[in-house]
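Structure (structure tokens):
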């Protein structure tokens, strides 16, 4: 009677246990020592699609393993079970009856008989597919967030949800050229990398903002672990409770180095534009001065030949009235001379104005051919004078406005011939040499030279250092030469000593289109010209 009750009690308990197991959401599998299935619960059949009758006598690998099941994982699982050890939370990819893969966490416990031998296995399995999917989605979202922050150069300082520890995002580590770690790192840790000169002002601003409960937005410099300096912008909201505020526990940290560099470039471009405006203003002022000089010439210098024309024309009229024509031809000659002088003045003024009004027509210039053409014309004008020309055999080709460059050589060589007229032989030397800023050309003569004390008038319009009647001119030639050379981005200067001739130098840049006007002052490293001049003094045409 007692035995029957005991059997009934056991059966009752077993039935209750089966109901409990079948009601579990976890899969339960019982196998023999050979890993053949003896029983599975309803959750197992529901998840895998295999019913209990289909499972009995089969090994799990025959039903569940598929293409996504990792053989290495199976080998590790088999080794654990052969050692008779319990298996806890062993993750594996199995396949349902339909072929669909799913993730499972295995907990396998060996059942021992009275002799201590394994007689069966009890396996409790959890379908973790959804959890793994969420973990994968979370990881992808984290990666996207990290990528977005990196593209925006935006990092963060916050606290971990579970531990509450402060930490940096990976972008903060990148900004500082550091390898990410798990050490607790807060905003103060970032300030340890700040440039010391910025820290005091930063702390003062932070304290003021925290006391007022206002958002903090600060920019300062940091020096990374490799010594590279960067600009960061940090923003945070004070943590306020019951009217009391503390420093923020969460910060955004943005690398604004590129922004600062672009801002600096913009400021530099603005400064360059300002300089360009100033340069153009100066050029306009120079044009205005040229206009004033032009007006001066019209009102003064041009009046003189006009007065001569009017005066002698009046004398001719009187002579014709009285019938006396003895001096008429002489008066006519005077009128012709005055008209010729006025014509030369007007042509010089127009040439001078052209250099400031029109752009340069830059082209290739065969300097050797140009010089020989200019010298031929000057030789015709010189008549029977004895002239010794000496030209460097390697005169280079240059780029410039051919019409204006010709005017430079015409005026310089004409001056050389003019002021050597008293010599038995007029010696004129033409040469050049390279310079770090372009090419330096020179014209040297054995003429009368000039006094350096009055050289400030050398390149002034209508200014002449020699008033002797044998040296004709209107004082426009050298002013025109200086204007042309400067319009090409070059400079002109001269050396001389009274009675020992003069040498005029001018520097032309290699690329007159893109050259900037050379700084006012002397040109350094100009090679001395070999010759018989001693104690030569240098007169800068821009001084």
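Residue numbers (the numbering used here): 1 to 543. We put the CB at the ideal spot given by N, CA and C, even for glycine. Quick caveat: nothing in here was measured; it's all calculated off a predicted structure.
I believe residue i touches residue j by the beta-carbon criterion, under 8 Å. Please report the beta-carbon distance rounded to the nearest angstrom.
i	j	result
residue 502	residue 447	6 Å
residue 89	residue 105	5 Å
residue 340	residue 386	Actually they do not touch by this definition, with Cβ atoms about 27 Å apart.
residue 124	residue 28	6 Å
residue 48	residue 64	7 Å
residue 409	residue 371	6 Å
residue 37	residue 57	7 Å
residue 490	residue 478	Actually they do not touch by this definition, with Cβ atoms about 14 Å apart.
To the nearest angstrom, how far is it from the Cα of residue i to the Cα of residue j?
i	j	result
residue 523	residue 399	Model confidence at residue 523 stands at a pLDDT of 38, short of 50, so the residue's coordinates are unreliable; what they give is reported in the following sentence. Near 21 Å, if we compare the C-alpha coordinates of residue 399 and residue 523.
residue 520	residue 366	With a pLDDT of 36 at residue 520, under the threshold of 50, the predicted position of this residue should be treated as unreliable, though the coordinate-derived value follows. Distance between the alpha carbons of residue 520 and residue 366 is about 29 Å.
residue 223	residue 241	34 Å
residue 458	residue 329	37 Å
residue 313	residue 319	10 Å
residue 471	residue 289	Residue confidence for residue 471 is low, a pLDDT of 47 falling below 50, so the modelled location carries little weight; the figure read from the coordinates is stated next. For residue 471 and residue 289, the distance between alpha carbons rounds to 28 Å.
residue 134	residue 212	42 Å
residue 336	residue 305	10 Å
residue 443	residue 505	7 Å
residue 30	residue 121	6 Å
residue 331	residue 485	41 Å
residue 480	residue 343	16 Å
residue 266	residue 160	41 Å
residue 500	residue 270	51 Å
residue 230	residue 101	49 Å
residue 516	residue 510	Legend: pLDDT at residue 516 = 42, less than 50; position of this residue unreliable, value from coordinates given subsequently. For residue 516 and residue 510, the distance between alpha carbons rounds to 11 Å.
residue 285	residue 272	19 Å
residue 177	residue 141	24 Å
residue 77	residue 22	26 Å
residue 434	residue 264	37 Å
For residue i, count neighbouring Cβ atoms within 10 angstroms of its own Cβ and tell me buried if that reaches 16, exposed if not.
i	result
residue 495	buried
residue 488	buried
residue 436	exposed
residue 169	buried
residue 422	exposed
residue 14	With a pLDDT of only 49 at residue 14, under the threshold of 50, the placement of this residue in the model should not be trusted; the figure read from the coordinates follows. It is exposed - the Cβ of residue 14 has fewer than 16 other Cβ atoms within 10 Å.
residue 164	exposed
residue 254	buried
residue 283	exposed
residue 82	exposed
residue 364	exposed
residue 393	exposed
residue 374	buried
residue 482	buried
residue 369	exposed
residue 137	exposed
residue 91	exposed
residue 226	exposed
residue 376	exposed
residue 411	buried
Answer yes or no: do residue i and residue j have a C-beta to C-beta separation smaller than 9 Å?
i	j	result
residue 205	residue 235	no
residue 378	residue 424	no
residue 195	residue 185	no
residue 440	residue 390	no
residue 251	residue 193	no
residue 157	residue 167	yes
residue 35	residue 53	no
residue 280	residue 256	no
residue 87	residue 70	no
residue 561	residue 103	For residue 561 there is no data in the structure shown, the boundaries of the chain being 1 and 543.
residue 26	residue 43	yes
residue 190	residue 199	no
residue 238	residue 209	yes
residue 401	residue 420	no
residue 449	residue 498	yes
residue 119	residue 128	no
residue 361	residue 403	yes
residue 327	residue 315	yes
residue 146	residue 33	no
residue 346	residue 395	no
Under the criterion of a Cβ to heavy atom distance below 8 Å, does residue i qualify as lining the ligand PLP?
i	result
residue 407	Here there are no bound small molecules, and the ligand PLP is not part of this structure.
Can you find a C-beta in chain D that's less than 9 Å from the C-beta of residue i?
i	result
residue 283	The displayed structure is made up of one protein chain only, and chain D is not part of it.
- prompt: Which runs of the beta strand (DSSP E) fall wholly inside the region 297-343 and span at least 3 residues, in chain order?
  reply: none
task: Any chance you could list the alpha helix (DSSP H) runs of at least 4 consecutive residues sitting entirely within the region 59-105, in chain order?
output: 60-64 and 71-82
task: Counting only runs of 3+ residues fully inside the region 125-175, write out the beta strand (DSSP E) ranges in chain order.
output: Those beta strand (DSSP E) runs which fall completely within the region 125-175 and span 3+ residues are 154-159 and 166-168.
task: Output the residue ranges of the alpha helix (DSSP H) runs that lie fully inside the region 382-438 and measure 4 residues or longer, sorted by chain position.
output: 402-418
query: What runs of the alpha helix (DSSP H), each 4 residues or longer, lie entirely inside the region 228-298?
result: 257-296
- prompt: Counting only runs that start and end within the region 185-233, where is the alpha helix (DSSP H) found for 4 or more residues in a row?
  reply: Taking only runs of at least 4 residues, the alpha helix (DSSP H) segments lying wholly in the region 185-233 are 187-191 and 196-212.
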